[in-house]
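Mind the numbering: the sequence shown is residues -20 to -1, 1 to 282 in mature numbering (1 follows the signal peptide of the UniProt record, and there is no 0), read in order. Positions of the beta carbon are idealized from the N, C-alpha and C atoms, including for glycine. Step one of this worksheet: look at the structure below.
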Amino acid sequence: MRSIFLCFLLSLFFITQLNAEPPSSVIIRVPEARSELDISHDYHQSLLKMAFKQIADKRFRLQQVPFVSEQQVIAEIVKRNHVDLYWLGADKDLENDLTAIPVPTTMGLIGFRKFIIHKKDAHTFSALQDIKQLRKHVACQGRYWPDTKILNHAGLRVTSSVFYEDLFKMLAAGRCDYFPRGIHDHRKELQLRKAHYPDLISFESVLLRYPFAVYFYTSKENIQLASLLETSLRRLAQSGDIRRLMQEHELTRDVFPLQQSSDTRILGIQNPFLPTNADTDDPQLWLQPADFGINTTIKTTN
């Protein structure tokens, strides 16, 4: 009799489980890729999916919405109108309007910069020795990227555009002299655009260094999303899963191993716009200069 009763209870349990409503998906709206060549978009979507997968009691689904400009994206996040979440260069000024998830999406790799230049300028850049000489040249940067403020603060000349793809056009047309890109970006970006810009090359002999990262940002009102995502991303960082994604993904894998050539000239500048809670000395969250074989005592220049 007891066994029959236990069977009844087990059957009732399984029927209840079968009829239980699956958790409804929380839709997270993110902007679509800036162009068909924007592999950074796929990387950040992959990282988001990894993070959301760890949140057991909720299901998240990413929904792409049209991308206009980063400035417009920021405005839409603030209003919670058409965008819920996006990845942007970490900037303490952004925190006046948005909530930052302070886990670097590529471990601060974006703060190690190589130059894309026109091949006719290779000899000129080969003679480059310090920031003072770099100030004679004009950089291309995104209009609303924090990099523009960082370079300007160091006394470097910058011309800008709202549109990412236009920066390559401007460089090819001679409207600027160099395009500083993340050490993981520069080769891949040129490979993807070789047919369009055959005269643009990667300049490997100089590395521009400043503490910088990409963070996810959401609305100040979206407290639960920010909290869940930060907890999940920190777990991924501590387990080494973010580094493993970087080693495997098309965006970042070519930079590994990280060691730089011994004759690479390192030019350092400061970043006064980095959020104050950024713990750049935490090796689980941030790559360290020593990972690249760079002298950690390099003096930065204003």
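Counting only residues of its own chain and dropping the five nearest sequence neighbours on each side, Leu209 has a CB closer than 7 angstroms to the CB of Ala31, Ile81, Phe196.
The alpha helix (DSSP H) runs lying completely inside the segment 116 to 175 and spanning 4 residues or more are 126 to 133, 144 to 152, 166 to 172, given in chain order. A direct Cα-to-Cα measurement between Leu180 and Ser207 gives close to 42 angstroms. The segment 64 to 81 and the segment 152 to 169 do not touch, with fewer than three beta-carbon pairs separated by less than 8 angstroms.
Of the residues assessed, Ile7 falls on the exposed side of the cut-off, its CB having fewer than 16 other CB atoms within 10 angstroms. Phe143 places its beta carbon 7 angstroms or farther from that of Leu151. C-alpha of Leu42 to C-alpha of Leu17: approximately 20 angstroms in a straight line. Cα atoms of Ala70 and Cys120: separation of roughly 19 angstroms, rounded to the nearest angstrom. Beyond the five residues adjoining it in sequence on each side, His229 comes within less than 6 angstroms, by CB distance, of Tyr23 in the same chain, given in chain order. Relative to Leu254, the option among Arg161, Glu75, Gln34 whose CA is nearest is Glu75.
Lys38 sits in coil when the DSSP states are folded into three classes, being neither helix nor strand.
With a cutoff of 7 angstroms on beta-carbon distance, Leu265 and Ala217 are scored as near each other.
Separation of Phe272 and Arg189 (C-alpha to C-alpha, rounded to the nearest whole angstrom) is 11 angstroms.
It is roughly 49 angstroms from the alpha-carbon of Leu136 to the alpha-carbon of Asp37.
By the beta-carbon neighbour count (other beta carbons within 10 angstroms, threshold 16), Asn251 is buried. Contiguous alpha helix (DSSP H) elements confined to the segment 45 to 129 occur at 50 to 59, 102 to 106, 111 to 114, taking only those with 4 or more residues. The continuous alpha helix (DSSP H) containing Leu216 extends over residues 203 to 219. Residue pairing by DSSP places Gln43 opposite Arg9 in a beta bridge. Listed as beta-bridge partners of Arg245 by DSSP are Val186.
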